[in-house]
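These protein sequence lines are chains A and B, in that order. Residue numbering for the first sequence follows my numbering, beginning at 1 and increasing consecutively. Residue numbering for the second sequence follows my numbering, beginning at 1 and increasing consecutively. Glycine is no exception: its CB is placed at the ideal position from the N, C-alpha and C atoms. Fair warning: this is a prediction, and the values are worked out from it, not measured in the lab. Report on the structure given below.
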Amino acid sequence: MSYNYIELISLVLLAIGCFFILSGSLGLIKLPDVFSRIHAAGLIDTLGSGFIVLALIVYSGFSLLSLKLLLIPLFLIFTSPVTGHAIALFAHESGYKPKGKNKK
Amino acid sequence: MAKLNKDSLKTLSFITYFIILFVFWFILSGYLKSLLLFFGLVSVLFVFWMSYRAKALEEDSLPLKIILRLPFYWIWLFKEIFKSGITTTALIWNGKYSPQLISVKASQKNRTGIANYANAITLTPGTVTIEVDKKIFLVHALSKKLSEDLQTDDMNKVITDLDK
Numbered sequence: 001m002s003y004n005y006i007e008l009i010s011l012v013l014l015a016i017g018c019f020f021i022l023s024g025s026l027g028l029i030k031l032p033d034v035f036s037r038i039h040a041a042g043l044i045d046t047l048g049s050g051f052i053v054l055a056l057i058v059y060s061g062f063s064l065l066s067l068k069l070l071l072i073p074l075f076l077i078f079t080s081p082v083t084g085h086a087i088a089l090f091a092h093e094s095g096y097k098p099k100g101k102n103k104k
Numbered sequence: 001m002a003k004l005n006k007d008s009l010k011t012l013s014f015i016t017y018f019i020i021l022f023v024f025w026f027i028l029s030g031y032l033k034s035l036l037l038f039f040g041l042v043s044v045l046f047v048f049w050m051s052y053r054a055k056a057l058e059e060d061s062l063p064l065k066i067i068l069r070l071p072f073y074w075i076w077l078f079k080e081i082f083k084s085g086i087t088t089t090a091l092i093w094n095g096k097y098s099p100q101l102i103s104v105k106a107s108q109k110n111r112t113g114i115a116n117y118a119n120a121i122t123l124t125p126g127t128v129t130i131e132v133d134k135k136i137f138l139v140h141a142l143s144k145k146l147s148e149d150l151q152t153d154d155m156n157k158v159i160t161d162l163d164k
């Protein structure tokens with residue numbers, strides 16, 4: 001009956017991942033300006049994809065495949081900050097001011 | 001490891017890089033036949049030669065000292081990401097965000113450390129590094145709590161300690 005437990009655990013993890021992706025998408029629409037929207041995109045990149053990959057690892061069992069799956073978040077760790085930073089830097093350099101109070 | 005001279009340190013970093021590349025090739029392919037392993041070795045050597053030619057194997061780019069502490073650092077980083085991710089999710093749902101710009105000082109000594117710190121700030125949801133000016137970062141935070149978390153300097157200390 002251990003098979004059912006594994007399925008249940010991966011289902012719960014998938015649901016958590018989907019919740020984070022939903023919140024990120026909501027934030028992408030709801031938040032006021034470019035800089036804030038990058039935070040929402042970052043939420044999808046890190047927690048959303050992380051939980052879904054974790055669920056897939058649990059579901060497929062521990063094998064060479066799970067090592068391959070672990071490589072996905074490892075690459076996301078390096079690439080997702082770079083894209084976020086690139087968007088933020090371009091918006092900043094083209095003179096876009098963030099909304100809200102600014103103290104430097 | 002501090003006693004090693006420069007040349008042996010360089011050789012050690014070459015060997016480590018080679019092992020990492022080969023393990024990476026093996027994880028992606030999963031073949032165990034000797035002919036295919038030989039082809040893997042050839043392609044790994046080719047990549048090694050190319051990165052040597054591109055001068056990507058200088059001391060700064062492959063810091064051997066931190067490679068053993070890296071897994072612990074990643075576990076700590078995942079914990080941080082999870083904590084601030086929960087905060088950001090709550091902010092998105094209840095709408096109590098107040099975006100603000102702050103400046104953060106970095107105390108890392110080399111370029112890898114500074115890049116690491118900037119990446120870690122951007123990776124935790126709710127804070128984004130906008131600009132890096134020598135050792136002062138311009139950071140955009142989604143709320144006051146997130147910016148105060150950053151200004152307690154915990155993350156800075158952990159990443160500076162990584163390079164000791």
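Interface residues of the region 50-79 of chain A facing chain B [CB-CB below 8 Å]: Gly50, Leu64, Leu67, Lys68, Leu71, Ile77 and Phe78
Contact list for the region 25-41 of chain A against chain B, Cβ threshold 8 Å: Leu26, Gly27, Lys30, Leu31, Pro32, Asp33, Phe35, Ser36, Ile38, His39 and Ala40
Exposed unless 16 or more other CB atoms sit within 10 angstroms - verdict on Asp7 (chain B): By the Cβ-count criterion, Asp7 (chain B) is exposed, with fewer than 16 other Cβ atoms from all chains shown falling within 10 Å of its own Cβ.
Contact belief for Ser66 (chain A) with Ile57 (chain A) at Cβ below 8 Å, rounded distance in angstroms: 4 Å
Test: Leu13 (chain A) CB closer than 9 Å to a CB of chain B: So, not an interface residue.
Reference Lys105 (chain B), options B:Phe26, B:Leu68 and B:Tyr117, closest by Cα: B:Tyr117
Those residues which DSSP pairs with Glu131 (chain B) across a bridge: B:Leu138
First through last residue of the alpha helix (DSSP H) which encompasses Lys68 (chain A): Leu64 to Glu93
7 Å Cβ cut-off: residues of chain B touching Ala86 (chain A): The contacting residues do not exist; Ala86 (chain A) stays about 10 Å from chain B at best.
Closest Cα partner of Lys45 (chain B) within the set B:Ser103, B:Tyr17 and B:Ile86: Sequence inspection shows Leu at residue 45 (chain B); the Lys mentioned does not correspond to that position. Selected option, being the one with the closest Cα: B:Tyr17.
Minimum Cβ-Cβ distance from Tyr97 (chain B) to chain A less than 9 Å: yes
Amino acids of chain B, ordered along the chain, whose beta-carbon sits closer than 7 Å to that of Ser23 (chain A): Contacts between Ser23 (chain A) and chain B, judged by CB atoms closer than 7 Å, involve Thr89, Ile92 and Trp93 in chain order.
Residue-level contact to chain A via CB, Val128 (chain B), 9 Å cutoff: Residue-level contact by beta carbon holds for Val128 (chain B) and chain A, with a gap shorter than 9 Å.
Residues of the region 97-115 of chain B whose Cβ lies closer than 9 Å to any Cβ of chain A, in chain order: Tyr97, Ser98, Pro99, Gln100, Leu101, Ile102 and Ser103
CB contact flag (Phe78 (chain B), Gly50 (chain A), <9 Å): yes
C-beta contact flag for Asn119 (chain B) and Ile77 (chain A) at 9 Å: yes
Partners in chain B for Gly8 (chain A), counting only beta-carbon separations shorter than 9 Å: The residue you asked about is not Gly; residue 8 (chain A) is Leu in the sequence shown. Here the premise fails: no neighbours, minimum Cβ distance about 21 Å.
Neighbour flag for Phe78 (chain B) against chain A, beta carbons, 9 Å: Interface with chain A (9 Å Cβ-Cβ cutoff): Phe78 (chain B) is included.
Per-residue contacts from Asn119 (chain B) into chain A (C-beta, under 7 Å): Pro81
Local conformation of Ile114 (chain B) per DSSP, three classes: Correct three-state label for Ile114 (chain B): helix.
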